[in-house]
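Taking numbering that gives the first Met the number 0, the leading residue of the sequence shown gets 0, the next gets one more, and so forth. For each residue, glycine too, the CB sits at the ideal point set by N, CA and C. Owing to the predicted nature of the structure, the values given are computational and were not obtained by experimental measurement. Read through the structure below, which is laid out as structure tokens, and then see the notes.
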Amino acid sequence: MPTDPTTLRLALAEEIAAADPTLDAGWRDAIVAVPRELFLDSAIFRPTGSGWEPVLRTQITEDDWLHMVYTDRTWVTQVEEKDAADTTGPISGSPTSSATLPSLVARTAQVAQLRPGQKVLEVGTGTGYSTAVLCHRLGADHVVSIEYDPDLAASAATHLSKAGCTPTLAIGDGLQGCKEHADYDVIISTCSVRTIPPSWFWQLNDGGSITTTISGWMHAAGLIRLTLDDEGTAHGRFTHDTITYMLARPHERPPAPRFFRLDGDTRPTRLNPALLKEWTGQFVAQLAAPSAELMTTSTGVILRDVATGSQAWTEPDNQGWTVHQHGPLRLWDQIETALQHWQNAGSPDLTGFGMTATPFEQTVWIGSPAGPSWQLPV
Ligand SMILES: C[S@@+](CC[C@H](N)C(=O)[O-])C[C@H]1O[C@@H](n2cnc3c(N)ncnc32)[C@H](O)[C@@H]1O
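Listed below in structure tokens is the structure:
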């Protein structure tokens, strides 16, 4: 039977609503209303395990293409700034743009507590899909969206126009906000940040809010909605979601040189390095060593600080694990202490964490602002 996009869209919206009974019907309706096929153009990247292969719309049947479009999956559209449509064979590297999975678009909008009448700045237009979802609920005249990559911004403008949406679109670094069209009631970011950019505070109306994932160079992430108080300080608690968005381009880590294991100072540790393979454990480690990257191996972990070249790596021994640390920072010591604080607090999931932020100082804490805390790299 030929595939009807409207039927597929409705089925997808029902699936998303069934999986999240708390989802506001307005976001479900927006998923039903926005034709995702208009935003995926003619090609996407599919993961191969070691990299990415382009899938061209012309290479598969229209039915298969539409089923792919209406799967609740993120489809990567750009890798290392190369568009899927311009790629002839498999490539490796990190995704630089994607069409976010519809359930996450809806969930992020729900966490942002957006209400009709509010004016929103979306950072990271990408394909324009989430922008269209916002337009459907808030009205296009209440939506401003900014994209870093001019070619992506141009394609998004075409997609949105085909879908009949007319938001205000801008090209530039959304970490500077979008001053031209400020102020906003809500800033919502579909790329992660290591720290909240000062401009976001300055371009918010009183009582405004910021919804974003806080992430970093270990790729651990937490979704948070921060509200601005009268003094200009933003407060919020992380949600339970184990989701992430790709890092904002200016917050990406610099390329790291090749890694060689150095013996360094060696000591036993009783803390299981496998804790860093778990969502919240990794989040804590990232807070404790914000400029370190993490590699996990079958026997332990490798940490390398991008700023100082310090390194730490673990290996199993008869009693537990041995850690080797080299360089000016003792990465494992920092992480071990942080993980112990977390364990002493009962190893809460992300809902046990909150954040207090000004343009000048940003702290993530466990329990309450008086609890164990770590500064984000402002
Ligand atoms: C996950 S994708 C966005 C998905 C998009 N909202 C959608 O539904 O198709 C993240 C996007 O953020 C953009 N981006 C990254 N850093 C940015 C920045 N500093 N300012 C604006 N856009 C940025 C990327 O180019 C990418 O297109």
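Report yes or no: do three or more beta-carbon pairs, one from the region 166-183 and one from the region 137-147, lie closer than 8 Å?
-> yes
Proximity test, M245 beta-carbon vs ligand 1 heavy atom, cut-off 7 Å | Position 246 of the sequence shown, counted from the first residue, corresponds to residue 245. Of the heavy atoms belonging to ligand 1, at least one sits nearer than 7 Å to the Cβ of M245.
Candidates H141, K81 and V322: which alpha carbon is nearest D262's?
-> On the sequence shown, residue 262 is found 263 positions in, with the first residue counted as 1. The shortest Cα separation from D262 among H141, K81 and V322 belongs to V322.
Run through DSSP, which three-state label would L22 get?
-> Your numbering for residue 22 matches position 23 in the sequence shown. Three-state result, L22: coil.
For G319 and S208, the rounded distance between their alpha carbons | Within the sequence shown, residue 208 is the residue found at index 209, counting from 1. Within the sequence shown, residue 319 is the residue found at index 320, counting from 1. Their Cα atoms are separated by approximately 45 Å.
Residues bridged to A369 by DSSP?
-> Numbered from its first residue, the sequence shown carries residue 369 at position 370. A369 is not bridged to any residue.
At a cut of 8 Å, does the region 86-100 reach the region 225-234 through at least three beta carbon pairs?
-> As far as the Cβ criterion goes, the region 86-100 does not touch the region 225-234, which means the pair count is below three.
Along the alpha helix (DSSP H) that carries W51, what are the first and last residues, could you check?
-> Indexing the sequence shown from 1 puts residue 51 at position 52. Note, W51: premise wrong, no alpha helix (DSSP H); beta strand (DSSP E) at W51 to L55.
Which residues in the same chain have their Cβ closer than 6 Å to the Cβ of T355, if we skip the five residues on either side of it in sequence?
-> Stepping through the sequence shown from its first residue, residue 355 is reached at position 356. Closer than 6 Å at Cβ, skipping near neighbours: H234, T362 and P368.
Residue nearest to L9 in terms of C-alpha spacing, selected from A29, V119 and T126 = If you number the sequence shown from 1, residue 9 lands on position 10. Of A29, V119 and T126, the residue nearest in Cα terms is A29.
Going along the chain, which residues of its own chain have a beta-carbon closer than 6 Å to the beta-carbon of A156, five neighbours each way excluded?
-> As a first step, residue 156 is located in the sequence shown; it is residue number 157 there, counting from the start. Closer than 6 Å at Cβ, skipping near neighbours: L168.
Distance between beta carbons of A131 and V31, contact taken as under 8 Å | What you label residue 31 is simply residue 32 of the sequence shown in a count that begins at 1. What you label residue 131 is simply residue 132 of the sequence shown in a count that begins at 1. In fact, because the Cβ distance is near 12 Å, the residues do not count as touching under 8 Å.
In the DSSP assignment, what are the bridge partners of P149?
-> Mapped onto the sequence shown, residue 149 falls at position 150. None; P149 has no bridge partner.
List the whole-angstrom C-beta distance separating L375 from T194, where the pair is believed to meet the contact cut-off of C-beta under 8 Å.
-> Taking the first residue of the sequence shown as 1, we reach residue 375 at position 376. Taking the first residue of the sequence shown as 1, we reach residue 194 at position 195. Contact holds; Cβ gap of about 4 Å.
Could you give the distance in angstroms between the alpha-carbon of V185 and the alpha-carbon of E13?
-> Here residue 185 is taken as the residue at index 186 of the sequence shown, counted from 1. Here residue 13 is taken as the residue at index 14 of the sequence shown, counted from 1. V185 and E13: Cα-Cα distance of roughly 27 Å.
Is the CB-CB distance between F237 and G353 below 8 Å?
-> The count along the sequence shown starts at 1 and reaches residue 237 at position 238. The count along the sequence shown starts at 1 and reaches residue 353 at position 354. It is a contact, given that the beta carbons lie within the stated cut-off.
Spatial distance of T212 from S188 (CA atoms) | Taking the first residue of the sequence shown as 1, we reach residue 212 at position 213. Taking the first residue of the sequence shown as 1, we reach residue 188 at position 189. Roughly 8 Å separates the two Cα atoms.
So which of V283, L225, H218 and W278 has the shortest CA-CA distance to E251?
-> Position 252 of the sequence shown holds residue 251. Ranking V283, L225, H218 and W278 by Cα distance to E251 puts H218 first.
With DSSP run on the structure shown, which of helix, strand or coil describes S160?
-> Stepping through the sequence shown from its first residue, residue 160 is reached at position 161. Helix.
Expressed to the nearest angstrom, what Euclidean distance is found between the alpha-carbon atoms of T87 and Q77?
-> Indexing the sequence shown from 1 puts residue 87 at position 88. Indexing the sequence shown from 1 puts residue 77 at position 78. So the alpha carbons of these two residues sit roughly 13 Å apart.
Opening and closing residue of the beta strand (DSSP E) in which W74 lies | As a position in the sequence shown, residue 74 is number 75, starting the count at 1. Note, W74: beta strand (DSSP E), W74 to V78.
Under three-state DSSP, which class holds K81?
-> In the sequence shown, residue 81 corresponds to position 82, counting from 1. Strand, per DSSP.
Select from D240, E79, F259 and W201 the residue whose C-alpha is nearest the C-alpha of A311.
-> For the purposes of this step, residue 311 is taken as the residue at position 312 of the sequence shown. Among D240, E79, F259 and W201, the Cα nearest to that of A311 belongs to F259.
Beta carbon of V143: closer than 7 Å to some heavy atom of ligand 1?
-> For the purposes of this step, residue 143 is identified with residue 144 of the sequence shown, where counting begins at 1. The answer is no for V143.
Do you know how far the Cα of L293 is from the Cα of L302?
-> Taking the sequence shown and counting its residues from 1, one reaches residue 302 at position 303. Taking the sequence shown and counting its residues from 1, one reaches residue 293 at position 294. Going by the C-alpha atoms only, they are around 5 Å apart.
CB of S335 within 8 Å of CB of L270, strictly | The residue you call residue 335 lines up with position 336 of the sequence shown. The residue you call residue 270 lines up with position 271 of the sequence shown. Residue 335 is actually Glu in this sequence, not Ser. A contact, by the Cβ cut-off of 8 Å.
Grab the span of the beta strand (DSSP E) containing W331 for me, first residue to last.
-> Position 332 of the sequence shown, counting from 1, holds the residue named residue 331. Here W331 belongs to no beta strand (DSSP E); instead the alpha helix (DSSP H) covers L330 to N343.
Does DSSP put A98 in a helix, a strand or coil?
-> By one-based count along the sequence shown, residue 98 stands at place 99. Strand.
Residue range of the alpha helix (DSSP H) that G280 falls in?
-> Within the sequence shown, residue 280 is the residue found at index 281, counting from 1. Start and end: W278 to A287.
Bridge partners of Y183, per DSSP?
-> By 1-based counting over the sequence shown, the position of residue 183 is 184. Beta-bridge pairing links Y183 to L203.
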